[in-house]
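To keep things clear, I will list the structure first and then write my remarks on it.
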Amino acid sequence: MTGLQQPVEIIRDRWGVNHIYAKNEHDLFFAQGYSAAQDRLFQLEIWRRQATGTVAELLGPQETKRDIGTRLFRFRGDINKELLHYHPHGPQIVGAFVEGINAYITEILKTPEKLPFEFRVLNTKPAFWTPEVVISRHQGLLGNVRDELNYGRLVKLIGPEKLRELQWFHPASKPSEPDLTLHVNGEELFQPILGIYEAFRLPLKFNGKLAKAYEDEASRSNKSVDDWFETEKQFVGSNNWIISGSKSASGYPMLANDPHRSQSTPSLRYWVHLNAPGWNVVGAGEPTLPGISIGHNDYGAWGLTIFETDNEDLYVYDTNPANPNQYRYKGKGASYSWENMKTLFETIPMKDGKSVRAELKYTRHGPVVFEDIQHHKAYAIRAGWLETGCAPYLASLRMNQSKNWTEFRQACTYSRVPGENMIWSDRTGTIGWQAVGLAPIRKNFTGLVPVPGDGRFEWDGYLPILQLPNKLNPPEGYVATANNNLTSIDFPHRDAVGWTWASPSRAHRIEEVLSDGKRKTLVDFMALQADYLSIPARTLVPLVKNLSSPIDRTAQALEYLRRWDYKLDPNSIAASIYVAWEGQLKLAIYQQKVPEIAQPYLTSFPSKRVIDALLTPTATRNSLLLLCMDRAVAELTERLGSDMTKWVYGQTKNKHITITHPLSNLVDNAMRKKINLGPAVRGGYAETVNATSANLNQTHGASFRILVDTEDWDKTLGINTPGQSGNPDSPHYGDLFPIWAENKYFPVYFSKEKVKSVAEETTVLKP
33 MTGLQQPVEI IRDRWGVNHI YAKNEHDLFF AQGYSAAQDR LFQLEIWRRQ ATGTVAELLG
93 PQETKRDIGT RLFRFRGDIN KELLHYHPHG PQIVGAFVEG INAYITEILK TPEKLPFEFR
153 VLNTKPAFWT PEVVISRHQG LLGNVRDELN YGRLVKLIGP EKLRELQWFH PASKPSEPDL
213 TLHVNGEELF QPILGIYEAF RLPLKFNGKL AKAYEDEASR SNKSVDDWFE TEKQFVGSNN
273 WIISGSKSAS GYPMLANDPH RSQSTPSLRY WVHLNAPGWN VVGAGEPTLP GISIGHNDYG
333 AWGLTIFETD NEDLYVYDTN PANPNQYRYK GKGASYSWEN MKTLFETIPM KDGKSVRAEL
393 KYTRHGPVVF EDIQHHKAYA IRAGWLETGC APYLASLRMN QSKNWTEFRQ ACTYSRVPGE
453 NMIWSDRTGT IGWQAVGLAP IRKNFTGLVP VPGDGRFEWD GYLPILQLPN KLNPPEGYVA
513 TANNNLTSID FPHRDAVGWT WASPSRAHRI EEVLSDGKRK TLVDFMALQA DYLSIPARTL
573 VPLVKNLSSP IDRTAQALEY LRRWDYKLDP NSIAASIYVA WEGQLKLAIY QQKVPEIAQP
633 YLTSFPSKRV IDALLTPTAT RNSLLLLCMD RAVAELTERL GSDMTKWVYG QTKNKHITIT
693 HPLSNLVDNA MRKKINLGPA VRGGYAETVN ATSANLNQTH GASFRILVDT EDWDKTLGIN
753 TPGQSGNPDS PHYGDLFPIW AENKYFPVYF SKEKVKSVAE ETTVLKP
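Yeah, the sequence shown ends on 799 if you go by my numbering, and it's all consecutive.
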């Protein structure tokens, strides 16, 4: 193979994980890129097109807006400085990784008939990568600019007090927090301001029938766009926890992590073991990135969950009536001056061969996403993630070589996007937590509503990462994070931390189990990652303990709930009844509390607000509880039939998972059977530790999991659904799906003798 310096040995184990043994750093990352391309070529090609703004060339003019958005939000800084941020050898590591991807592409193009089926269906071929593709931010978990626009609209419609009452902004030390004063014209916010931004953030659809969905991303009637963003916001979560040796059966610290993202084929994550002088690390990252974002090395293990830092703001400018390319910005003293927008032009290739010329405009704050000629206004997004060092997860390269907590924390200072709860546990007995992320300091505004871009509302730099919340060897002997708020009301840097967090139910359940006084083993950790106990159920079901209904079937349903253990187990009938009832309660409280005028802009209601409303005894509460149970029984009867004994929770008409390949509608039935997975029955829902989303067909949750006991790295357990390969012709395309569906794991071996004992094939790449 051209490009290698010395031979590399790749041992693929029986679960499809590549264990790469190289003699130098360059060859290690070359081989990582090569094997990722071998397993995930179509996924890599789609990433490349999204990163370079060349999707319309593949799928047609309906993707023009996406490509404009990608180019508008492209990182345009110094690429060498950017790569050096992630690792002192960043340019060399990313360069080698890209060389490896390109080496595989060169090889496969000699026999194009062997390309994965997607290339044939779309009549395309993979193209070469550059380092710019690796550092693209298009798929990052970024900020809150959509929420910001909607909060601005809601303040205009219902006022700040009502919005604070409906949304759960916290931690807040007084009722008037956070400040939601609107300093811009609220009436003008109801335009399709974020169409370009949304277009480049959305996942690709390959079905011609859905192509129309992109033509009007920002239209309120376009539910597919809004639904996707809402679903992502609600269910992209994660759990992680660490315990000290005083709480483990082995006497050594232990770690668990299960990031929650979209369920898809192939998976977002990709397991790999990297071994070369200075490197010995196993775990998973995204196949498009060198290194490993969650895993362990010889010294310690680490994991991540999302932590709320807000690095996006929507700025509104007055533009010059005589020249719309100028906007008002303060000059010296109180006088204002006109500033020129910076303008770039790019040519976007089209599938039909005609290219489109795009005009890209920028203010001092960032890309202009919308111009309102009638009112002489322009809207731009200040996106902190466009700065150097904000490619998601790439700073993991520094973490991969950390030998202790001090080095790990130092590596954390380079991790800017997304905001994360990083946890660490090591063999010396240390456990630690450090929140990371790009955290703009806003001295005189909250970043929750759009603000004028005239210079009155500026960021005051970024909070140094080490000043974000952290803990070292806490006295309770554990740290658990689940996207919930872990920031105290008196946190000294409140102006640099976000205001909206996940419901604390998952975190509370994890804490409850970790502090039950029993020493934990990996078996206990497996049970906790698969835990189906619903804390909201345990809170709400006692409210109907003494209620009776004159309707026989409602009375029967109530009886099921009274005898229930609050676990959303696939075999439970009570679980079906509870989930339908909770859904009806949420809908009823939402309709009661959220004014109709506000509903298009506040589509999800925090479960805390629902539970608070139901825990308050009122004259009508009991009748509402029973009315919602009547509705739940009617809903279940319609979906599952009249025989209540057949209402088990996990079934294809109820809680299940079917994973549909994005190209499913473009192939014949035989191919569809091969590329789609499921159905498999599921338990749980959005607020159980085993988070399986609020949809009956699970759309999100933990596709990847890892469990580590630092006593012995060969004890590590992992999973990745549906498989390591994205190619349906590979035995590793869907082999992990049935294991995952039963909440099981495979062993992740680290010592070479153990790796060899489960080897499926060994490949040697020679220069």
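Even glycine gets a Cβ: it sits at the ideal position worked out from N, Cα and C.
In this text, all values refer to a predicted model and were calculated from it rather than measured experimentally.
Is it buried or exposed for residue 140, if we count other Cβ within 10 angstroms and need 16 for buried?
Position 108 of the sequence shown holds residue 140. Buried: at least 16 other Cβ atoms inside 10 Å.
Expressed to the nearest angstrom, what Euclidean distance is found between the alpha-carbon atoms of residue 64 and residue 329?
As a first step, residue 64 must be located in the sequence shown, where it is residue number 32. As a first step, residue 329 must be located in the sequence shown, where it is residue number 297. One C-alpha to the other measures close to 16 Å.
Distance between beta carbons of residue 349 and residue 415, contact taken as under 8 Å
The count along the sequence shown starts at 1 and reaches residue 415 at position 383. The count along the sequence shown starts at 1 and reaches residue 349 at position 317. With 8 Å as the limit, residue 415 and residue 349 do not qualify as a contact, their Cβ atoms being about 16 Å apart.
Spatial distance of residue 347 from residue 192 (CA atoms)
Locating residue 347 in the sequence shown gives position 315, counting from the first residue. Locating residue 192 in the sequence shown gives position 160, counting from the first residue. Each residue's Cα considered, the two are about 19 Å apart.
From the DSSP output, which residues share a beta bridge with residue 502?
Translated into the one-based positions of the sequence shown, residue 502 becomes position 470. Under DSSP, residue 502 forms a beta bridge with 466.
Unbroken beta strand (DSSP E) run spanning residue 361, endpoints:
Looking up residue 361 in the sequence shown gives position 329. Looking at the DSSP string, the run of the beta strand (DSSP E) that includes residue 361 is 355 to 362.
At 4 residues or longer, and completely inside the segment 559 to 604: list those alpha helix (DSSP H) runs for me, N to C.
567 to 572, 584 to 594
Give a yes or no on whether the C-beta atoms belonging to residue 600 and residue 589 are separated by under 9 Å.
Counting from 1 along the sequence shown, the entry for residue 600 is found at position 568. Counting from 1 along the sequence shown, the entry for residue 589 is found at position 557. No. Outside cutoff.
Give me, in chain order, the residues of the same chain whose beta-carbon lies closer than 7 Å to that of residue 41; leave out the 5 immediate sequence neighbours on both sides.
Counting from one through the sequence shown, the residue named residue 41 turns up at place 9. Around residue 41: 53, 794, 796.
Out of curiosity, what's the CA-to-CA distance linking residue 490 and residue 396?
Here residue 490 refers to the residue found at position 458 of the sequence shown. Here residue 396 refers to the residue found at position 364 of the sequence shown. Using only the alpha carbons, I get a separation of about 11 Å.
Which term fits residue 322, buried or exposed, when burial requires 16 or more other beta carbons within 10 angstroms of its beta carbon?
Locating residue 322 in the sequence shown gives position 290, counting from the first residue. Result: buried.
Three or more beta-carbon pairs under 8 Å between the segment 289 to 306 and the segment 465 to 482, yes or no?
no
Between residue 671 and the rest of its own chain, which residues show a CB-CB distance below 8 Å, the 5 nearest in sequence each way excluded?
Counted from its first residue, the sequence shown places residue 671 at position 639. Here the set comprises 685, 686.
Determine, using beta carbons only, whether residue 806 and residue 767 come nearer to each other than 9 Å.
Residue 806 cannot be examined here, being either before or after the span of the chain that is shown, 33 to 799.
Which complete beta strand (DSSP E) runs does the segment 727 to 785 hold, if anything under 3 residues is left out?
732 to 734, 736 to 741, 749 to 752
Do you know offhand how far residue 386's Cα is from residue 169's?
Here residue 386 corresponds to residue number 354 of the sequence shown, with the count starting at 1. Here residue 169 corresponds to residue number 137 of the sequence shown, with the count starting at 1. Near 27 Å, if we compare the C-alpha coordinates of residue 169 and residue 386.
Quick check: what's the CA-CA separation for residue 245 versus residue 102?
Within the sequence shown, the letter at position 213 stands for residue 245. Within the sequence shown, the letter at position 70 stands for residue 102. Because residue 245 sits at a pLDDT of 35, beneath the cut-off of 50, its placement in the model cannot be relied upon, and the following sentence gives the value as read from the coordinates. Roughly 18 Å separates the two Cα atoms.
Check each candidate in 585, 705, 422, 312 and name the one with the smallest Cα separation from residue 781.
Position 749 of the sequence shown, counted from the first residue, corresponds to residue 781. With distances taken between Cα atoms, residue 781 lies closest to 312.
Roughly how many angstroms lie between the CA atoms of residue 252 and residue 179, to the nearest whole one?
For this step, residue 252 is matched to residue 220 along the sequence shown. For this step, residue 179 is matched to residue 147 along the sequence shown. Residue confidence is low: residue 252 scores 35 on pLDDT, short of 50, so the model does not pin down where it sits. Its coordinate-derived value is still stated next. Going from the Cα of residue 252 to the Cα of residue 179 covers about 14 Å.
Since residue 272 sits in a beta bridge, which residues does DSSP pair it with?
Numbered from 1 along the sequence shown, position 240 holds the residue referred to as residue 272. Its beta-bridge partners are 289, 513.
Proximity below 9 Å, CB of residue 500 to CB of residue 525
Position 468 of the sequence shown, counting from 1, holds the residue named residue 500. Position 493 of the sequence shown, counting from 1, holds the residue named residue 525. Yes, Cβ-Cβ distance for residue 500 and residue 525 is below 9 Å.
What are the boundary residues of the beta strand (DSSP E) that residue 404 is part of?
The residue you call residue 404 lines up with position 372 of the sequence shown. First-last of the beta strand (DSSP E) with residue 404: 400 to 404.
Go through its chain and collect everything with a Cβ distance to residue 242's Cβ below 8 Å, but skip five positions before and after it.
Translated into the one-based positions of the sequence shown, residue 242 becomes position 210. Note that residue 242 has pLDDT 38, beneath the 50 cutoff, so the model's placement of it is unreliable and the number below is only indicative. If we look at residue 242 and ignore the five residues flanking it on each side, its Cβ neighbours are 256.
With distance defined between alpha-carbon atoms, name the residue in 789, 761, 753 nearest to residue 316.
Position 284 of the sequence shown, counting from 1, holds the residue named residue 316. Nearest of 789, 761, 753 to residue 316, Cα basis: 753.
Does residue 473 pass the burial test, meaning 16 or more other C-beta atoms within 10 Å, or should it be called exposed?
Position 441 of the sequence shown, counted from the first residue, corresponds to residue 473. The residue is exposed, with fewer than 16 neighbouring Cβ atoms inside 10 Å.
Complete beta strand (DSSP E) runs within the segment 300 to 376 (minimum length 3 residues, chain order):
If we require 3 residues or more, the beta strand (DSSP E) runs fully inside the segment 300 to 376 come out as 302 to 308, 311 to 317, 326 to 328, 332 to 338, 344 to 352, 355 to 362, 368 to 372.
Return the bridge partner residues of residue 415 from the DSSP annotation.
Along the sequence shown, one-based indexing puts residue 415 at 383. In DSSP, residue 415 forms a bridge with 344.
With a threshold of 7 Å on Cβ separation, who are the neighbours of residue 70 within its own chain once the five nearest residues in sequence on each side are excluded?
In the sequence shown, counting from the first residue as 1, residue 70 sits at position 38. 136, listed in sequence order.
I'd like to confirm the pairing. Which residues does DSSP put opposite residue 456 in its beta bridges?
Indexing the sequence shown from 1 puts residue 456 at position 424. Note: residue 456 sits in a beta bridge opposite 334, 464.
Under the three-state DSSP convention, the category residue 280 falls into:
In the sequence shown, the residue the question calls residue 280 occupies position 248. In the three-state scheme derived from DSSP, where H, G and I count as helix and E and B as strand, residue 280 is classed as strand.
Can you give the Cα-Cα distance for residue 659 and residue 631, rounded to whole angstroms?
What you label residue 659 is simply residue 627 of the sequence shown in a count that begins at 1. What you label residue 631 is simply residue 599 of the sequence shown in a count that begins at 1. Roughly 22 Å separates the two Cα atoms.
Quick check on the DSSP output: the alpha helix (DSSP H) that includes residue 108 runs from which residue to which?
Residue numbering aside, residue 108 sits at position 76 when the sequence shown is read from its first letter. First-last for residue 108: undefined, no H or E at that position.
Taking 9 Å as the threshold (C-beta atoms), are residue 742 and residue 30 in contact?
An answer regarding residue 30 cannot be provided, because it is not within the stretch 33 to 799 covered by the chain.
Residue 187: first and last residue of the uninterrupted alpha helix (DSSP H) it sits in
Residue 187 sits at position 155 when you count from the first residue of the sequence shown. Here the alpha helix (DSSP H) through residue 187 covers 177 to 190.
Roughly how many whole angstroms lie between the Cα atoms of residue 250 and residue 485?
Counted from its first residue, the sequence shown places residue 250 at position 218. Counted from its first residue, the sequence shown places residue 485 at position 453. Legend: pLDDT at residue 250 = 34, less than 50; position of this residue unreliable, value from coordinates given subsequently. For the pair residue 250 and residue 485, the Cα-to-Cα distance works out to about 22 Å.
In terms of residue numbering, what span does the alpha helix (DSSP H) encompassing residue 130 cover?
In the sequence shown, residue 130 corresponds to position 98, counting from 1. Unbroken alpha helix (DSSP H) run through residue 130: 122 to 140.
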